[in-house]
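For reference, the structure discussed in these notes is given below.
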RNA sequence: CAGUUGUCGUUC
DNA sequence: GAACGACAACTG
């Protein structure tokens with residue numbers, strides 16, 4: 119029990135310290151979906167109430183899907199305020215990931231209907247932010263507010279990807295969440311990109327600019343059970359016109 | 001559930 | 001070199 123209490127104290131260590139210094143609307147912000155080849159970037163900001171029971175709460179990546187759903191409900195039910203914002207692939211392509219990400223985090227903060235008096239951030243700080251803030255390495259592992267935000271962002275994004283899976287079933291979005299697995303890349307080689315793919319990302323850019331090279335690199339990662347009978351490596355290369363390499 | 005390894009993406 | 005975002009496959 120001592121170790122449990124110690125772990126709990128550690129996760130909201132910053133919140134407690136800040137509260138002792140007089141802050142009582144401490145927001146955590148985090149985003150999900152950064153490295154994905156498809157789907158939106160999702161950011162969430164959360165202000166937890168003082169004394170929010172934090173035992174078992176962790177970075178969304180360290181929770182099982184069931185645990186994430188449970189925390190998602192609990193955070194939404196008890197938060198002083200929370201917000202979720204997203205940026206879609208087309209805009210990421212147009213503005214770049216980093217710029218999109220900064221704007222998104224800022225939007226999530228300003229979308230809070232309770233104005234924070236302090237902001238805890240994951241990794242980097244926001245240029246020109248008007249709130250007092252602290253950016254910390256591995257923020258979602260170390261502080262409750264950021265962990266909570268990471269859960270809201272992650273669960274929201276996963277649900278969006280589930281919806282995209284119904285619309286574009288060929289890519290396995292329900293499984294890979296838009297990330298670049300072998301099967302996902304092979305699906306792109308077979309079917310082409312969907313409207314929710316980030317065309318500015320490596321791989322998709324390659325697909326658009328040089329399909330033959332893309333197919334040679336990723337097209338062979340055919341999912342089990344979908345192997346095209348009789349197509350060997352050589353024939354694939356021939357059919358995609360890649361016979362004339364170095 | 002607890003870990004480990006691998007792979008990929010973006011940015012600095 | 002670092003940070004952030006992930007999935008996949010393996011051990012116990």
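Residue numbers (this note's numbering): 119 to 364. In this text, a Cβ means the ideal position worked out from N, Cα and C, and glycines have one as well.
Query	Result
Residue 169 versus residue 298 - alpha carbon distance	40 Å
Between the CA atoms of residue 333 and residue 322 - distance to the nearest angstrom	11 Å
Other residues of its chain near residue 280: CB distance less than 8 Å, five sequence neighbours each side excluded	291, 292
When 150, 216, 288, 166 are compared against residue 141, the one with the closest alpha-carbon	166
Counted within 10 angstroms of its Cβ, other Cβ atoms place residue 288 as buried (16 or more) or exposed	exposed
When 259, 276, 144 are compared against residue 128, the one with the closest alpha-carbon	259
For residue 336, three-class secondary structure by DSSP	helix
Cut-off 7 Å between Cβ atoms - residues of its own chain near residue 136, not counting five sequence neighbours on either side	144, 236
Residue 228 - DSSP class collapsed to helix/strand/coil	helix
Beta-bridge partners of residue 236, as assigned by DSSP	144
Assigned exposure category for residue 203 - 16 Cβ within 10 Å defines buried	buried
Where residue 279 falls: helix, strand or coil (DSSP)	helix
Check whether residue 224 and residue 247 have beta carbons under 8 Å apart	yes
Among 294, 324, 314, 295, the one whose alpha carbon lies nearest that of residue 307	324
Residue 146 beta carbon less than 8 Å from that of residue 296	no
Beta-ladder partner(s) of residue 164, from DSSP	146, 200
Beta-bridge pairing of residue 252 - partner residues as DSSP gives them	238
Per-residue burial, residue 196 [other beta carbons within 10 Å of its own, 16 or more giving buried]	exposed
Residues near residue 310 in its chain [Cβ-Cβ closer than 7 Å; skip 5 each side]	none
Test item: CB-CB of residue 148 and residue 316 under 8 Å	no
Nearest candidate by alpha-carbon position, reference residue 222, set 205, 209, 177	205
Beta-carbon proximity check, residue 175 vs residue 265, cutoff 8 Å	yes
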